[in-house]
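Chemist: What follows is a single structure, and I will ask about it in a moment.
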Amino acid sequence: MTVRKNQANLTQDEKNRFTSAVLALKSSGRYDAFVSTHSDFIMSDTDQGERVGHRSPSFLPWHRRFLIEFETALQSVDPSVALPYWDWTVDREPTSSLWAPDFLGGTGREEDRQVMDGPFGATKGAWPITGGIDERDFLRRSLGGGLPLPARQEVDVALAVDIYDVAPWNSASRGGFRNTLEGWRAFRGTGIHNRVHTWIGGNMSTGASPNDPAFWLHHAFIDKLWAQWQQLHPASEYLPGSATPNVVSLHDTMRPWNDVTPADMLDHTRFYTYDSPA
Ligand code: CU1
Ligand code: CU1
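What follows is the structure in structure tokens.
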């Protein structure tokens, strides 16, 4: 069984195995397919028409499925690998070990935000970006350039929300757990999940955010928070439970897979577990 661990507790061997498997997917072309899947869904996830991956109740089950696909791909390279998660309420600095050269590498240099160190840095030449939002073909970051990372107290406020989501089921939804976590109702639309993207900056601030491998560690933690919320509110179900125009309800299939519904994604322990409940 796959156990996802806090990245801060990984051994050097576990870090190396993770980054090596990511690089192997990159060199085989499989990685960039994940990036384009995500970009396609950002483009279609406006507040008009059907929303699937973002700004919608299915934000959480869509990304859960997306992460499972990626983790399965990693495991086809190295069966010992699981997605690590990054608890940004604890590891909050650009100097945190996550950003060391022996793991994800650090922030970008001043002139063009190009990441220069670590396995994905320019000097290694192993991380050409082909599916970005423009022609820049290198990984960019600007760690800590915007608002601070979400604090534990903000996360606890989100976890205390008793209802999964509320109408109009999009970025304007007030009060549900999903949008409190996704973050569109907050100051300038940079609540919890969105703020982490902007704190990293560079590729992570774009629709092609999986171009930065930090994407997976961020979203693994978002997924873990959803699992924690489910435990805290066992009587609170995924909403909407029945057909709603332009919204993925409990038993609707999700693009692009078309063989999975939010209901299928509710119990993550069918696929993996986390190393700690909170
Ligand atoms: Cu996303
Ligand atoms: Cu995200």
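Numbering (this note's numbering), first residue to last: 1223 to 1500. Ideal Cβ placement from N, Cα and C applies to all residues, glycine included. From a predicted model like this one, the values you see are computed outputs, not experimental measurements.
Look at the Cβ atom of Arg1362, then the Cβ atom of Val1303, and state whether they are nearer than 8 Å.
Modeler: On the sequence shown, residue 1362 is found 140 positions in, with the first residue counted as 1. On the sequence shown, residue 1303 is found 81 positions in, with the first residue counted as 1. Contact: no.
Chemist: Only counting the same chain, and skipping five residues up and downstream in sequence, which positions put a Cβ closer than 7 Å to that of Pro1478?
Modeler: Here residue 1478 is taken as the residue at index 256 of the sequence shown, counted from 1. Around Pro1478: Thr1259.
Chemist: What does a CB cutoff of less than 6 Å around Pro1283 pick up in its chain, not counting 5 residues either side in sequence?
Modeler: Counting from 1 along the sequence shown, the entry for residue 1283 is found at position 61. Pro1484, Met1487.
Chemist: Given 8 Å as the limit, is there contact between the region 1293-1303 and the region 1327-1341, that is, 3 or more CB pairs closer than that?
Modeler: no
Chemist: Assuming Gly1340 contacts Phe1325 under a Cβ cut-off of 8 Å, what Cβ separation, rounded to an integer in Å, is found between them?
Modeler: Numbered from its first residue, the sequence shown carries residue 1340 at position 118. Numbered from its first residue, the sequence shown carries residue 1325 at position 103. About 7 Å; that satisfies the 8 Å criterion.
Chemist: Nearest to Gly1368 by CA position, among Trp1421, Ala1457, Leu1461, is which residue?
Modeler: As a position in the sequence shown, residue 1368 is number 146, starting the count at 1. Nearest option by C-alpha distance: Trp1421.
Chemist: For the pair the region 1382-1392 and the region 1427-1436, tell me if three or more CB-CB distances fall below 8 Å.
Modeler: They do not touch, by the three-pair rule.
Chemist: Would you mind giving the Cβ-Cβ distance between Leu1320 and Asp1313, rounded to the nearest angstrom? I have them listed as a contact below 8 Å.
Modeler: As a first step, residue 1320 must be located in the sequence shown, where it is residue number 98. As a first step, residue 1313 must be located in the sequence shown, where it is residue number 91. Right, their Cβ atoms sit about 6 Å apart.
Chemist: Between the C-alpha atoms of Asp1434 and Asn1416, what's the straight-line distance to the nearest angstrom?
Modeler: On the sequence shown, residue 1434 is found 212 positions in, with the first residue counted as 1. On the sequence shown, residue 1416 is found 194 positions in, with the first residue counted as 1. In a straight line, the C-alpha of Asp1434 is about 15 Å away from that of Asn1416.
Chemist: Is it right to say Glu1193 is buried, meaning 16 or more other beta carbons lie within 10 angstroms of its own, or is it exposed?
Modeler: Summary: the structure shown does not reach residue 1193, with the chain confined to residues 1223 through 1500, and so no result is reported for it.
Chemist: Say yes only if the C-beta of Gln1440 is nearer than 7 Å to one or more non-hydrogen atoms of ligand 1, and no if none qualify.
Modeler: For the purposes of this step, residue 1440 is identified with residue 218 of the sequence shown, where counting begins at 1. Position check: residue 1440 holds His in this sequence, whereas Gln was assumed. No, the beta carbon of His1440 sits no closer than 7 Å to any heavy atom of ligand 1.
Chemist: Less than 7 Å between C-beta atoms, sequence neighbours within five positions excluded: which residues of the same chain meet that for Pro1501?
Modeler: In the structure displayed, the chain extends from 1223 to 1500; residue 1501 sits before or after that span and is not available.
Chemist: Which of the three DSSP states, helix, strand or coil, is assigned to Asn1228?
Modeler: On the sequence shown, residue 1228 is found 6 positions in, with the first residue counted as 1. DSSP places Asn1228 in the strand class (E or B) of the three-state scheme.
Chemist: So, helix, strand or coil for Tyr1253, using DSSP?
Modeler: Within the sequence shown, residue 1253 is the residue found at index 31, counting from 1. Three-state DSSP puts Tyr1253 in a helix.
Chemist: Who are the near neighbours of Pro1285 in its chain, counting only those whose CB is closer than 6 Å to its CB and skipping five residues on each side?
Modeler: Here residue 1285 refers to the residue found at position 63 of the sequence shown. The sequence shown places His at residue 1285, not Pro. Beyond the five residues adjoining it in sequence on each side, His1285 comes within less than 6 Å, by CB distance, of His1441 in the same chain, given in chain order.
Chemist: Determine whether the beta carbon atoms of Gly1413 and Gly1405 lie at a separation below 8 Å.
Modeler: Locating residue 1413 in the sequence shown gives position 191, where the first residue counts as 1. Locating residue 1405 in the sequence shown gives position 183, where the first residue counts as 1. It is a contact, given that the beta carbons lie within the stated cut-off.
Chemist: Does the Cβ of Ser1261 lie closer than 7 Å to at least one heavy atom of ligand 2?
Modeler: Numbered from 1 along the sequence shown, position 39 holds the residue referred to as residue 1261. Every heavy atom of ligand 2 is 7 Å or more from the Cβ of Ser1261, so no.
Chemist: Does chain D have any CB closer than 8 Å to the CB of Tyr1386?
Modeler: Judged by its chain identifiers, the structure shown contains no chain D, having just a single protein chain.
Chemist: So, are the CB atoms of His1276 and Ile1290 less than 8 Å apart?
Modeler: Reading the sequence shown from its first residue, position 54 is the one you call residue 1276. Reading the sequence shown from its first residue, position 68 is the one you call residue 1290. No, the Cβ-Cβ distance between His1276 and Ile1290 is not below 8 Å.
Chemist: Which residue from Gly1424, Ser1318, Trp1451 puts its Cα closest to that of Val1377?
Modeler: Taking the sequence shown and counting its residues from 1, the one referred to as residue 1377 is at position 155. Comparing Cα positions, the closest option is Trp1451.
Chemist: Is any non-hydrogen atom of ligand 1 found closer than 7 Å to the C-beta of Gly1275, if you look at the structure I gave you?
Modeler: Here residue 1275 corresponds to residue number 53 of the sequence shown, with the count starting at 1. Gly1275: yes, Cβ under 7 Å from ligand 1.
Chemist: Just mark Gly1271 as buried or exposed, buried being the case when its beta carbon has 16 or more other beta carbons within 10 Å.
Modeler: The residue you call residue 1271 lines up with position 49 of the sequence shown. Classification of Gly1271: exposed, given that the 10 Å Cβ count is below 16.
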